[in-house]
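Step one of this worksheet: look at the structure below.
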Amino acid sequence: MSDQHPMKPTDPVATVERVIQELTPADINDLSDATDAAVEGGGGFGWVDLPSRDLLERFWQGVIAMPARVLFVARLDGVICGTCQLIMPPVNNEAQSHAVQLTTSFIAPWARGHNLAHMLITQAEEVALEEGFSVINLDVRETMEGAIKLYEDLGYTRIGEHPYYARVKNEVVKGYYYYKVIDPKAVEQEP
9 MSDQHPMKPT
19 DPVATVERVI
29 QELTPADIND
39 LSDATDAAVE
49 GGGGFGWVDL
59 PSRDLLERFW
69 QGVIAMPARV
79 LFVARLDGVI
89 CGTCQLIMPP
99 VNNEAQSHAV
109 QLTTSFIAPW
119 ARGHNLAHML
129 ITQAEEVALE
139 EGFSVINLDV
149 RETMEGAIKL
159 YEDLGYTRIG
169 EHPYYARVKN
179 EVVKGYYYYK
189 VIDPKAVEQE
199 P
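Numbering (the numbering used here), first residue to last: 9 to 199.
Rendered as C-alpha cells:
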C-alpha cells in the first residue's frame, strides 16, 4: 500500500508590484507578450493592431525611463501578465498638481479571473495617496465593459463621455471619463 497522495493543482500565485528599477530582458519579453495578448483580445490600451516587437519593447523601456510615469505590473506565477501606470502632472501645472492620470491598465486574457486588475488599481491608488495626490482621473473605451465595471465597483465616478473617442477597425467608439477622490480631506473647500 502506498502513502503517496495524488498531486493537487495549486492556485497560481498572483502578485502586483511597483517597478522601481529597470525590468530584466525576460520581464520586457513577458510584458510585450502580455501586451500582444491584450491587443489581440481587443484591449490593448490604444493599440488596435499588433505593434512590431521592437516598437513594443522600446515603448516599455521608455515608460520605465520616464520619471513622470509610475509603472505597476501584475504577475501570475512570476510571469508579467498585465500593467497599469500613473502619469504624474507636469511641474508647471500647479492648478492640477493634486491629480494623477491612470492609464495603460490591462490584464492579458489568459491571466484574467485572478483578481489582478483589482490588485493593480488598488496598488496604484495606495501609491498615489502615499505620494500626496488626492484624485485619480482615467478614461476608457465604451467597449471595455470589464474595465468599466471594475472602475465603477472601485468607486470611480463617470463624469462624461466623448462620442468620437476612438476609432477601432473603422468604427467610431465612445469613451468615458472617470475620477475618484482618494483623499477627501485634500479636496475639501476651505470656508
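For every residue, glycine included, the Cβ atom is placed at its ideal position computed from N, Cα and C.
Are the CB atoms of residue j and residue i within a distance shorter than 8 Å?
{"i": "L94", "j": "A136", "result": "yes"}
{"i": "L201", "j": "V47", "result": "This structure does not reach residue 201, given that the chain is present from 9 up to 199, and the question cannot be answered."}
{"i": "S142", "j": "V189", "result": "yes"}
{"i": "A107", "j": "P97", "result": "yes"}
{"i": "F80", "j": "L128", "result": "yes"}
{"i": "T43", "j": "L63", "result": "no"}
{"i": "A82", "j": "L110", "result": "no"}
{"i": "G51", "j": "M152", "result": "yes"}
Helix, strand or coil: how does DSSP classify residue i here?
{"i": "P117", "result": "helix"}
{"i": "L162", "result": "coil"}
{"i": "H170", "result": "strand"}
{"i": "T32", "result": "coil"}
{"i": "V108", "result": "strand"}
{"i": "V195", "result": "helix"}
Tell me which residues share the same chain as residue i and place their Cβ nearer than 6 Å to its Cβ, disregarding the 5 neighbours each side in the sequence.
{"i": "D147", "result": "G183 and Y185"}
{"i": "T130", "result": "none"}
{"i": "F53", "result": "T112 and F114"}
Within a Cβ cutoff of 8 Å, which residues of the same chain sit near residue i, ignoring the five residues on either side of it in sequence?
{"i": "W118", "result": "A45 and C89"}
{"i": "G163", "result": "K188"}
Considering just the uninterrupted stretch of the beta strand (DSSP E) at residue i, what are its terminal residues?
{"i": "N145", "result": "V143 to R149"}
{"i": "Q93", "result": "V87 to I95"}
{"i": "L84", "result": "R77 to L84"}
Does any CB atom of chain D fall closer than 8 Å to the CB of residue i?
{"i": "T165", "result": "Among the chains in the structure shown there is no chain D, since it carries only a single protein chain."}
State buried or exposed for residue i, treating a residue as buried only when at least 16 other CB atoms are found within 10 Å of its CB.
{"i": "R26", "result": "exposed"}
{"i": "V24", "result": "buried"}
{"i": "T32", "result": "exposed"}
{"i": "D38", "result": "buried"}
{"i": "T91", "result": "buried"}
{"i": "V195", "result": "exposed"}
{"i": "I144", "result": "buried"}
{"i": "A155", "result": "buried"}
Determine the extent of the alpha helix (DSSP H) in which residue i is found, giving its start and end residues.
{"i": "T189", "result": "The identity of residue 189 in the sequence shown is Val, whereas the question assumes Thr. Note, V189: premise wrong, no alpha helix (DSSP H); beta strand (DSSP E) at E179 to V189."}
{"i": "E25", "result": "Here E25 belongs to no alpha helix (DSSP H); instead the beta strand (DSSP E) covers A22 to R26."}
{"i": "A136", "result": "L124 to E138"}
{"i": "G49", "result": "Looking at the DSSP string, G49 is not in any alpha helix (DSSP H), and its letter there is neither H nor E."}
{"i": "E102", "result": "Per DSSP, E102 belongs to no alpha helix (DSSP H) and is neither H nor E."}
{"i": "D62", "result": "R61 to A73"}
For residue i, which residues from the same chain have a beta carbon less than 7 Å from its beta carbon, with the 5 sequence-adjacent residues on both sides left out?
{"i": "Y173", "result": "R149, V181, K182 and G183"}
{"i": "P20", "result": "L84, D85 and H122"}
Looking at the ligand COA, does it come within less than 7 Å of residue i, judged from the CB to the closest heavy atom?
{"i": "S113", "result": "Ligands are entirely absent from the displayed structure, and the ligand COA is therefore not among its contents."}
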